[in-house]
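K.L.:
Residue numbers (my numbering): 31 to 334.
Below is a structure I'd like to ask you about.
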């Protein structure tokens, strides 16, 4: 394994909208292993900008679940307390107000495919020339006419997207004033000195737009590593909204954390994680991360 020259700073960034499930726990475990295996600093960041979905009890429930698994962190942040930073970054970007509805966008784009991260059709620029003054407006970034390429540090896969044709002008602040996920995470990762971002593969397609924002704001680009999502018995993605079993239920039922950690590790199917004993500690899994993971070099970004 090649260790980066700069000190590693990793993070786990849950949304406190409910109880953690096993899929969340596996990502949290892998992010922690990646940071600690390299002697790095680990951050817990609650992504709680969408206050309408936040559950107050979920903060402490998440902390207790992580501690139960033996996962610690060196600093903790709440996005809800960092709004001035997002406003400052937004003011440095070329944005414009947009009052389009999703239905209008889909109709204008003729339901065109290719929008990253499972989103609706690529925005066709309807409000670039003006907006409806009688509607609340979001703020969209007028994306540059560039193609952004990024390499995954875990799989070695390279993803290229044209900002204009594959992504389109995307929202950085919703029409209710809430700052968008893409802007907030980019600002936070830069401000917190995050060097390595290990997260679920469902966010892979969103990576080029975040890299584009980093470039526009003059921020460094971290190493991105995307891991497979944990699935249920029918192959479906585990999700809070679909009623995935909460980790806190296992904890409160007296389940042993070492057994849960072993099951999470084996669920990857990666040698040597697939052969761990019936119960382990998080610290005991650190050497296995060294043995199982080969980091691909971060390729220089291509923007034209």
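Just so you know, even glycine gets a beta-carbon here, dropped at the ideal spot from N, CA and C.
Suppose the cutoff is 7 Å on Cβ atoms and the five residues either side in sequence are ignored; what does the same chain contact list for residue 246 look like?
P.N.:
Counting from 1 along the chain shown, the entry for residue 246 is found at position 216. Excluding positions up to five away in sequence, the list reads 123.
K.L.:
Which residue wins for smallest C-alpha separation from residue 294, given the options 117, 306, 284?
P.N.:
Sequence index remark: in the chain shown, residue 294 carries index 264 (1-based). Among 117, 306, 284, the Cα nearest to that of residue 294 is on 306.
K.L.:
Can you tell me the Cβ-Cβ gap for residue 221 and residue 250, rounded? I've got them flagged as a contact below 8 Å.
P.N.:
What you label residue 221 is simply residue 191 of the chain shown in a count that begins at 1. What you label residue 250 is simply residue 220 of the chain shown in a count that begins at 1. Contact flag wrong, Cβ pair sits at about 12 Å.
K.L.:
Secondary structure at residue 252, three-state DSSP: helix, strand or coil?
P.N.:
Working through the chain shown from its first residue, we reach residue 252 at position 222. In the structure shown, residue 252 sits in coil (DSSP, three-state: anything other than H, G, I, E or B).
K.L.:
Quick check on the burial criterion: 16 or more other C-beta atoms within 10 angstroms. Buried or exposed for residue 324?
P.N.:
Here the question's residue 324 lines up with position 294 in the chain shown. Answer is exposed; the Cβ neighbour count stays below 16.
K.L.:
Does the beta-carbon distance from residue 239 to residue 212 come in below 7 Å?
P.N.:
Taking the chain shown and counting its residues from 1, the one referred to as residue 239 is at position 209. Taking the chain shown and counting its residues from 1, the one referred to as residue 212 is at position 182. Yes, these two residues count as a Cβ contact at 7 Å.
K.L.:
When DSSP builds the beta bridges, which residues end up paired with residue 192?
P.N.:
Position 162 of the chain shown holds residue 192. Paired residues: 177.
K.L.:
Which stretch, first to last residue, makes up the alpha helix (DSSP H) that contains residue 239?
P.N.:
As a position in the chain shown, residue 239 is number 209, starting the count at 1. Where residue 239 is concerned, the enclosing alpha helix (DSSP H) stretches over 237-247.
K.L.:
Between which two residues does the alpha helix (DSSP H) containing residue 203 stretch?
P.N.:
On the chain shown, residue 203 is found 173 positions in, with the first residue counted as 1. Counting along the chain, residue 203 falls outside any alpha helix (DSSP H), though it belongs to the beta strand (DSSP E) covering 201-203.
K.L.:
Could you round the C-beta distance between residue 227 and residue 56 to whole angstroms and report it? I think they count as a contact, below 8 Å.
P.N.:
Here residue 227 refers to the residue found at position 197 when the chain shown is read from its first residue. Here residue 56 refers to the residue found at position 26 when the chain shown is read from its first residue. About 16 Å separates the two Cβ atoms, so there is no contact after all.
K.L.:
Can you tell me where the beta strand (DSSP E) with residue 53 in it begins and where it stops?
P.N.:
For this step, residue 53 is matched to residue 23 along the chain shown. First-last for residue 53: 52-67, but that is the alpha helix (DSSP H), not the beta strand (DSSP E).
K.L.:
Which complete beta strand (DSSP E) runs does the segment 77-159 hold, if anything under 3 residues is left out?
P.N.:
Here the runs fully enclosed are 105-108, 125-128.
K.L.:
Does the distance from the CB of residue 313 to the CB of residue 288 come in under 7 Å?
P.N.:
Here residue 313 refers to the residue found at position 283 of the chain shown. Here residue 288 refers to the residue found at position 258 of the chain shown. For residue 313 and residue 288, no; Cβs fall outside 7 Å.
K.L.:
Give me the Cα-Cα distance between residue 161 and residue 139, rounded to the nearest whole angstrom.
P.N.:
Residue 161 sits at position 131 when you count from the first residue of the chain shown. Residue 139 sits at position 109 when you count from the first residue of the chain shown. C-alpha separation (whole angstroms): 17 Å.
K.L.:
For residue 200 and residue 300, I'd like the C-alpha separation in whole angstroms.
P.N.:
Locating residue 200 in the chain shown gives position 170, where the first residue counts as 1. Locating residue 300 in the chain shown gives position 270, where the first residue counts as 1. If you take the alpha carbons of residue 200 and residue 300, they lie about 36 Å apart.
K.L.:
In terms of DSSP beta bridges, what is residue 228 paired with?
P.N.:
For the purposes of this step, residue 228 is identified with residue 198 of the chain shown, where counting begins at 1. 255.
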